[in-house]
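The listed protein sequences derive, respectively, from chains Y and F. Read left to right, the first sequence gives residues 956 to 1333 (our numbering). Read left to right, the second sequence gives residues 956 to 1333 (our numbering). Cβ atoms here follow ideal geometry from the backbone N, Cα and C, with glycine treated the same way. Input: a single structure, listed below in C-alpha cells.
Protein chains: 2
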Amino acid sequence: MGHDITDAKQLFTTVTEDGKLVLSIEPYAVPEPEDHQVVIQMEAVPINPSDLGLLLSPAQMDTARSETVDGHPALVADVDPAMMRIFAGRKGKKLAAGNEGAGKVVAAGTSDAAQALLGKTVTVVGGEMYRTHRVMPAMMCVPLPEGAPAKEGASLFVNPMTAQGFINTMRAEGHEGIVHTAAASNLGQMLAKLCVKDNIPLVAIVRSDAQKKILTDVGVTHVLDSTKDDFMPNLVDALAETGATLGFDAIGGGKMASYILTAMEQAAAKRGGEFSVYGSPIHKQVYIYGRLDTGETILGGGLGLYWGVGGWLLTPHLEKVGMERMMEMRMFAVEERNGIFHSEYSSQISLMDMIDPEIAKGYDKKATGEKVLVNPSL
Amino acid sequence: MGHDITDAKQLFTTVTEDGKLVLSIEPYAVPEPEDHQVVIQMEAVPINPSDLGLLLSPAQMDTARSETVDGHPALVADVDPAMMRIFAGRKGKKLAAGNEGAGKVVAAGTSDAAQALLGKTVTVVGGEMYRTHRVMPAMMCVPLPEGAPAKEGASLFVNPMTAQGFINTMRAEGHEGIVHTAAASNLGQMLAKLCVKDNIPLVAIVRSDAQKKILTDVGVTHVLDSTKDDFMPNLVDALAETGATLGFDAIGGGKMASYILTAMEQAAAKRGGEFSVYGSPIHKQVYIYGRLDTGETILGGGLGLYWGVGGWLLTPHLEKVGMERMMEMRMFAVEERNGIFHSEYSSQISLMDMIDPEIAKGYDKKATGEKVLVNPSL
C-alpha cells in the first residue's frame, strides 16, 4: 500500500536561540502508513485562536519580514525579550502546528478500518495539520457524508467540542445557565445556537453593537455590551433572571471574571436568599479558557467563599467525559456542520501564503468570529 | 423534665440602622427541651477567627466603648461606612454568635438519647454558643470521656474538622501534598500534626521565626518564611521536592495564591515535564478558606490554564463527605483532643468580659495560634 507522494511540504514554527520567531515551509517526507493508518491530503485547516499561541504568540508581528532560513522560505519576526523566559521550553525546537482540519484519504494501511477510508473526505484532530499530508490512525478520522467538501469538515473539533464541553460542564456541576464573554466569536456563536436549541439560559457578553446583533439574530435574549455604562446593573438583572452561576471567560486578564462573580452574588441577593458572612451559599464558578488579555486576573475581595475561578481546557475535559461521550459529540458536530457548528471564513489561503508577512498580520479574527482557512494543497 | 433556669444570659451582635455595631448581653428565656433535646450549660466557648466575622468584622474597634443599649449592658463601636453596604443583609437584626463549644447537660427531654446525656459534658456545634445555656438536639452532642473538663471539648469542631477536611479534599482531588499559609495558626498546627502523623508532604508558609519554630518543633520539614528574600526559590524547591499541587490559603487577598501557583508551575518544570502553551498539564489548585487580607486577589497572567482558585468552606465540605465520614471525623477529634487537636488559650473570660472594650480588642489571636476562651457560666 505504498504511496508515491514526493512534493509534500510542512510548516514549522521555531523560536530561535537569538530571539526570533521563524515560520518556515520545508519539504516533508511522508512516511508509509502503518496497517492502521491513513495518509490524508489536507485541504482545509483553520487558523483558530488556539492555534495562534503556538504559531505566533511570542512574535512582535509588526517586525514580520520574509527571509530565507537554512534554504527554506520563511517569515521571521522578533520576539519580545520579556516573553523569551516564558517560551524557554520551546527555544530551538522546530514545532509543527495546526490543531484540526479536513482532507481526502489518498493512501491507507492494510487494515480494514484504514482501507474503508480510502478516497473519503475526513475530519481530523491531532496537531501538525499545516502540511500537505498528514498520517493519522484511521480510528481518529471521522468521514464526512459523501460529497461534502473538506471545508465543511475543517473546524469540527476545537470549537464544536468546546461548545458542547461547556454544556457538559454546566450539567455535571449542577448549574442552570451560562455566562459567556467574547460571545460573538466563532465558538460563541456555536454556543449561542446550542443554548437556543436546548433552551439553556445564556448571558452573552460582547463589546460592540455589531457583535450584539450577531447573537440577537441567533435568538439570544440576554446580550450585554460590556463597554456600556449600564453593563453591571444589566448583568445583575440578567443573572437574576436566568439564575446562571457558571461563566466561561475568554479574556482571562483584568476584572471580567470578578465582575461576573460579583454580579452573580448580587443576583443571588436579588433572587432572595439567606444572609451569610461567606456570601450566598451557592457555588459560583468562572472558567477561564482563553487569554485575550494576558495580564493579571484581579478578583474583588468581597466575593464570599462560595466561588471558584480556574482554567478550562478541552483535552482534560474530554478525558473526563470518556470516549463514548466524545464520539457522540463528534458525530453531532459532523451532523450540524452546516447548522449549529457552521464556521465563516474571511479568506482562504495556501501554505505559502501562511508565511506572507502581510497575510500573517491578519490571522487574528477573534472579534468577528471569522477565521482564516488554509488549503495546504493549493 | 422541666428546668428551673431563671438567670440565663446571651450575647447578641447587631449592626444598627445608624451604622453602629452593638454587642449586648441580654436575658435568655431557656425553652423547655423537647423530647429529643437537651439543655447544655455552656462552660467553654472559643473565639475562633471564623467567629469574628459575625461578632466584630464590621466594627472599627478603636472606637469601641461601653454603653447601655435598651437597658442592656453593651459594647458599641462605629462601623466603617464603606462596609455598611456589605452588611446590609444583617442591618437591625439581633444575631447570636459562637460556632462551637462544650458544657454540661443540665436538663434533657424524655427520649432515651436525651436522657443518656444528663450530667455528661458534651462538645457541640451549631452557632449561638455565646450564652449561658444552649438547647440542642441530643444527636448533635458528642459526650467527652468521663472526667474530661469542658475546656478540652471547646474547640473540637471548627478547626479539627477543617484540618481533616483539607486532607479529605487532597485525597478526593488526587493531590499528593499540601501547601498551607498562616501555617502556625491553631488550625495550622493541627494540620501540621495530622500531616506528620500520616506522612503527608506539607509545605508550611509562615511570617516569622517564632512561627517557624512552632512548626519545626511539630516535625514539619518544609517551613518557609514568606517575609524572607529567598522565599520564592525556596518555595519552588519545596514544591519540586514534595510534589504538592494543592494549597489552602487563609490570606485570600493579595498575591499569595498567585505565588503558590507560579511556584507550582516552576516546580513542575523542575520535576521535568512536557512543554505546553497552557502550562504544565497537572491541575494546580489553591483554596481560599479565610480572608486575613480582604483586598483583591491578584493572579499572575502566566499561570497557563491547568489551575483553579476558589473558596473552601467546612459546611459544604461536610455535606459532600456525608454523615458517616463526618461522625468518624468527630470521634477522631474527641480522641485526639489532647494531642493532634489540642488548642492553646491565651485567656479565659466571662460572658460579661466579652463586651469589655479592652478585652474585645484582643480577640484576634490568629498569628500565634492561641485563642480566647469564654466560659459563659463564670
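So, with DSSP's three-state summary, where would you put residue i?
i	result
Ser1213/Y	helix
His1272/F	helix
Met1281/Y	helix
Glu1313/F	helix
Thr961/Y	coil
Thr1337/Y	The shown model of chain Y, from 956 to 1333, leaves out residue 1337/Y, and the question about it has no answer.
Thr1124/Y	helix
Glu934/F	Within the shown structure, residues of chain F are numbered from 956 to 1333, placing residue 934/F beyond reach of any answer.
Gln1119/F	helix
Ser1302/Y	strand
Gly1008/Y	helix
Ala1014/F	strand
Thr1171/F	helix
Ala1218/Y	helix
Pro1098/Y	strand
Asp1308/F	helix
Gly1234/Y	coil
Val1225/F	Note on identity: in this sequence residue 1225/F is Lys, with Val being the wrong assignment. Lys1225/F: helix per DSSP, three-state reduction.
Gly1256/Y	coil
Asp1248/Y	strand
Gly1143/F	helix
Pro982/F	strand
Whole-angstrom Cβ separation of residue i and residue j, contact assumed at under 8 Å?
i	j	result
Ala1051/F	Gly1082/F	7 Å
Val1264/Y	Ala1218/Y	Not a contact, Cβ separation roughly 14 Å.
Ala1069/F	Ala1093/F	4 Å
Ala1224/Y	Leu1194/Y	Contact flag wrong, Cβ pair sits at about 11 Å.
Val1079/Y	Glu1107/Y	With a Cβ gap of about 14 Å, Val1079/Y and Glu1107/Y do not count as contacting.
Gln1144/F	Gly1324/F	5 Å
Leu1149/F	Ala1118/F	5 Å
Ala1057/Y	Ala1109/Y	5 Å
Leu1011/Y	Val1289/Y	Contact flag wrong, Cβ pair sits at about 29 Å.
Pro1312/F	Leu966/F	Contact flag wrong, Cβ pair sits at about 15 Å.
Ser1066/Y	Asp962/Y	At roughly 27 Å, the Cβ-Cβ gap does not stay under 8 Å, so Ser1066/Y and Asp962/Y are not in contact.
Arg1086/Y	Lys964/Y	7 Å
Name the DSSP bridge partner or partners of residue i?
i	result
Asp1184/Y	In DSSP, Asp1184/Y forms no bridge with anything.
Arg1020/F	Val1031/F
His1135/Y	Ala1159/Y and Phe1203/Y
Thr1065/Y	BP columns for Thr1065/Y are empty, so no partner.
Val977/Y	Thr969/Y and Val1031/Y
His1088/Y	Gln996/Y
Glu1055/Y	Val1080/Y
Leu1328/Y	Pro1001/Y and Gln1303/Y
Lys1046/F	Val970/F
Leu1111/F	None, per the DSSP bridge assignment.
Gly1074/Y	Looking at the DSSP assignment, Gly1074/Y forms no beta bridge with any residue, so it has no partner.
Look at residue i and residue j and say whether their C-beta atoms are less than 8 Å apart.
i	j	result
Val1113/F	Asn1003/F	yes
Thr1233/F	Gly1259/F	In the sequence under discussion, the amino acid at residue 1233/F is Tyr, which differs from the Thr named in the question. Taking 8 Å as the Cβ cut-off, Tyr1233/F and Gly1259/F qualify as a contacting pair.
Thr1200/Y	Ile1237/Y	yes
Val1329/F	Met1307/F	no
Ile1206/F	Asp1248/F	yes
Ile1253/Y	Gly1209/Y	yes
Lys975/F	Ala1032/F	yes
His1088/F	Ile1295/F	no
Glu987/Y	Lys1059/Y	no
Ala1062/Y	Val994/Y	yes
Leu1190/Y	Ala1139/Y	no
Asn1141/F	Lys1316/F	no
Leu1157/F	His1130/F	no
Ser1332/F	Gln992/F	no
Gly1064/Y	Met1084/Y	no
Pro1013/F	Ser979/F	no
Ile1133/Y	Phe1203/Y	yes
Gly1250/Y	Gly1256/F	yes
Val981/F	Gly1047/F	According to the sequence as given, residue 981/F is Glu; it is not Val. Their beta carbons are not under 8 Å apart, which means Glu981/F does not touch Gly1047/F by this criterion.
Gly1266/Y	Trp1262/F	yes
Thr1124/F	His1297/F	no
Met1284/F	Met1116/F	yes
Val1034/F	Val970/F	yes
Could you run through the segment 1251-1266 of chain Y and flag, in chain order, every residue whose CB is less than 8 Å away from some CB of chain F? Glu1251, Thr1252, Ile1253, Leu1254, Gly1255, Gly1256, Gly1257, Leu1258, Gly1259, Leu1260, Tyr1261, Trp1262, Gly1263, Val1264, Gly1265 and Gly1266
Contact list for the segment 1112-1138 of chain F against chain Y, Cβ threshold 9 Å: none
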